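Numbering (my numbering), first residue to last: 10 to 578.
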């Protein structure tokens, strides 16, 4: 494209739907989140063009053949009989669309601009539906793109479906490939254009056709579509094989786990497929099951679906090096939050692999590259009660594997001190004894932690809460205090400089409690106050104000229950 043309066609990329709109004296290629035809000016331009075309057809053309010849040509401005010239004589306002230095045909301009009635009129009167774009506008619209390629990427509407059917009835080539090598069906699959896909398979096309990667349309819809739930339903209704696997052994659940688009309802799709009989235990060529790929891609909602449908969180996997899912999350996942559903479903936090490593061993070993993600994983494991002093087969505990003294202090020693503080003074604490015997170089720092925690017992934020209670309790136990403005005000101005070791922990505890109150407690309390809930719940609103146990409390209890020896019967 020449530089002059680039002045008129500006490219703006996003993840939304394509459209051409007015930009100064010319038009611009844009992306939109909404229906462009709802803009009054677009509908007005459409009616102008539609009226001009009707007038031209009525006054200039005697036969349908003459109309077809007139509308099938591209803009040729040396020819005074050009349909563009005829339109501009009648509607000079449309000069922005019919710019003299673009090579697009009238049909292409009307479709790209979403001039709906005009585009349909042109197709009905014989405009060439197989005409290629002819110029490279960007990666989405190339010189080899067909109108169906473009429709697949436009805002979902009844007009888009209607025009698609009209083009199909007139014999457009479904198999045409754009400059990226994609057919219309592949483009529609990625964009989630369910109506076009449905129309395509109504023609009798093979719904289980396999490409050179072993991918079927169903697998493509799962891995790359922005609308997998609708497409998968369409394809299954058309007879798609839900058990198909690609050349790497990935089934449709593996593919869903690799779909990197955001804001998709993947959990519903996965549950639907599992209920239909798709196996969540199939392995790909790397021996990964769908849950492993969901963990790698951070799809917590999919992990929860697999667990809900019976995936065993504690089963030993003989096929991969990270034998247990908890170990796999620590070493492979790009988010620490996936630890939470695994623990919720009973993962043994201290389970050892064949080398005697726990998940905490694996996390601490990775501190040689101390990224924030590893710190968060270690913090979560410690928060839920992971044992810091279990030894692996070589006699090393997680402390031995932490690469820096500072990291060991801030993550491990402070946690030991907090655990000690929660116990009655007379209880002998095993972790304290091991720390003193095996890791005596941290003993002085540990004593400083204990002293600082003791000082928090006498420091009150308000009459009803000390710093110690905030520091050592679960955030759900202090969340009710967020209803009291005085508590929030007092904490936010409280000078924590006397507690350098635990100041950050205190701020985190406050933030967690505040977040829990706003998300979990406040809506329930407000509903009760407004008498939206039942009388019984309203009577119990004082109980609600004081404590709603959080899921973290339940996880901690599960962790402790796993450590208890079985009851003899």
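Just so you know, even glycine gets a beta-carbon here, dropped at the ideal spot from N, CA and C. Since this is a predicted model, take the numbers as computed values, not measurements.
| Counting pairs of Cβ atoms below 8 Å between the region 402 to 418 and the region 370 to 383, do you hit three or more? | By the Cβ test, the region 402 to 418 is in contact with the region 370 to 383, since at least three Cβ pairs between them sit closer than 8 Å.
| Whose C-beta lies closer than 8 Å to the C-beta of residue 495 among residues of the same chain, with five residues either side of it excluded? | The beta carbon of residue 495 lies closer than 8 Å to those of 471 in the same chain, with the five residues before and after it left out.
| message | If contacts are defined as beta-carbon pairs under 8 Å, then residue 96 and residue 113 qualify, I think. What distance do you get, rounded to the angstrom? | response | About 14 Å separates the two Cβ atoms, so there is no contact after all.
| said: Residues in the same chain with beta-carbon distance under 7 Å from residue 370, minus the five sequence neighbours each way, listed in chain order, please. | reply: Excluding residues within five positions, the ones whose Cβ falls inside 7 Å are 401, 407 and 410.
| said: For residue 31, report the span of its beta strand (DSSP E) as first-last. | reply: Its beta strand (DSSP E) spans residues 26 to 32.
| message | Rounded to whole angstroms, what is the Cα-Cα separation between residue 248 and residue 326? | response | Going from the Cα of residue 248 to the Cα of residue 326 covers about 34 Å.
| request: Would you list, in sequence order, the uninterrupted alpha helix (DSSP H) runs of no fewer than 4 residues that lie entirely inside the region 355 to 413? | output: Secondary structure in the region 355 to 413: the alpha helix (DSSP H) runs of 4 residues or longer, each lying completely within the stretch, are 368 to 374, 381 to 392 and 407 to 410 in chain order.
| task | Report the rounded CA-to-CA distance for residue 306 versus residue 521, giving the unit in angstroms. | result | So the two alpha carbons sit approximately 26 Å from each other.
| Which residues mark the beginning and the end of the alpha helix (DSSP H) in which residue 42 is found? | No residue range can be given for residue 42, since it is assigned to no alpha helix (DSSP H) and is classified by DSSP as neither H nor E.
| query | From residue 26 to residue 233, what distance separates their C-alpha atoms? | reply | In this model, residue 26 and residue 233 are separated by some 16 Å (Cα to Cα).
| message | So, for residue 304: in the same chain, excluding its five sequence neighbours on each side, which residues have a beta-carbon less than 8 Å away from its beta-carbon? | response | Within its own chain, the residues whose Cβ lies closer than 8 Å to the Cβ of residue 304, once the five positions on either side in sequence are excluded, are 312, 334, 337, 338, 341, 342 and 347, listed in chain order.
| query | How many Å lie between residue 122 and residue 29 at the Cα? | reply | Those two C-alpha atoms are separated by around 5 Å.
| task | Consult DSSP for residue 471 and reduce its assignment to one of helix, strand or coil. | result | Strand.
| query | Could you give the residue range of the alpha helix (DSSP H) that holds residue 76? | reply | Note, residue 76: alpha helix (DSSP H), 73 to 80.
| message | Could you check whether residue 206 and residue 243 sit closer than 7 Å to each other, using their CB atoms as the reference points? | response | Yes.
| Between residue 235 and residue 272, what straight-line distance do the alpha-carbon atoms span, to the nearest angstrom? | Going from the Cα of residue 235 to the Cα of residue 272 covers about 9 Å.
| Using 8 Å as the threshold, is the region 57 to 65 in touch with the region 182 to 200, meaning 3 or more CB pairs across them? | No: fewer than three Cβ pairs fall under 8 Å.
| task | Check the C-beta distance from residue 256 over to residue 222 and give it rounded, since I have them as a contact under 8 Å. | result | Indeed, because the Cβ distance is near 6 Å, the residues count as touching under 8 Å.
| said: Judging by CA-CA distance, which residue of 323, 154, 345 and 329 is the nearest neighbour of residue 186? | reply: Of all alpha-carbon atoms in 323, 154, 345 and 329, the one lying nearest the alpha-carbon of residue 186 is that of 154.
| said: Can you look up residue 419 in the DSSP assignment and give me helix, strand or coil? | reply: DSSP places residue 419 within a helical segment (H, G or I) once states are collapsed to three.
| said: Cutting at 7 Å between CB atoms, please list the residues of its own chain near residue 362, excluding the five before and the five after it. | reply: Answer for residue 362: 332, 333 and 336, listed in chain order.
| residue 81 beta carbon less than 7 Å from that of residue 137 | Taking 7 Å as the Cβ cut-off, residue 137 and residue 81 qualify as a contacting pair.
| DSSP state of residue 235, grouped into three classes? | Correct three-state label for residue 235: coil.
| When we look at the beta-carbon of residue 528 and count the other beta-carbons within 10 Å, is it buried (16 or more) or exposed? | Classified as exposed, residue 528 has fewer than 16 neighbouring CB atoms from the shown chains inside 10 Å of its CB.
| message | Short of 6 Å in beta carbon distance, which residues of its chain neighbour residue 395, apart from the five on each side in sequence? Order them along the chain. | response | Taking C-beta separations shorter than 6 Å and ignoring five residues to either side along the sequence, the partners of residue 395 in its chain run 358 and 369, following chain order.
| Nearest-angstrom Cβ-Cβ length linking residue 430 and residue 462, presumed shorter than 8 Å | Contact between residue 430 and residue 462 holds: CB atoms are separated by about 5 Å, below the 8 Å threshold.
| query | Using DSSP with H/G/I as helix, E/B as strand and the rest coil, what is residue 465? | reply | In this structure, residue 465 counts as helix in the three-state DSSP scheme.
| Where does residue 192 sit, in a helix, a strand or coil, going by DSSP? | For residue 192, the three-state secondary structure derived from DSSP is strand.
| Is the CB-CB distance between residue 62 and residue 130 below 7 Å? | Contact: yes.
| said: Considering Cα atoms alone, identify which of 446, 390, 435 and 261 is closest to residue 421. | reply: Taking residue 421 as reference, the option from 446, 390, 435 and 261 with the minimal CA-CA separation is 390.
| query | Which of the three DSSP states, helix, strand or coil, is assigned to residue 186? | reply | Strand.
| request: Measure from the alpha carbon of residue 318 to the alpha carbon of each residue in 295, 330 and 281, then state which is nearest. | output: Of 295, 330 and 281, the residue nearest in Cα terms is 281.
| task | For residue 487, count neighbouring Cβ atoms within 10 angstroms of its own Cβ and tell me buried if that reaches 16, exposed if not. | result | When all chains shown are included, residue 487 counts as buried.
| field | Simplified DSSP state of residue 197, which is helix, strand or coil | value | Residue state, collapsed to three classes: helix.
| request: Check whether the Cβ atoms of residue 146 and residue 38 lie closer than 7 Å to each other. | output: Cβ distance < 7 Å, so residue 146 and residue 38 count as in contact.
| Cβ atoms of residue 278 and residue 227: under 7 Å apart, would you say? | The Cβ atoms of residue 227 and residue 278 lie no closer than 7 Å to each other.
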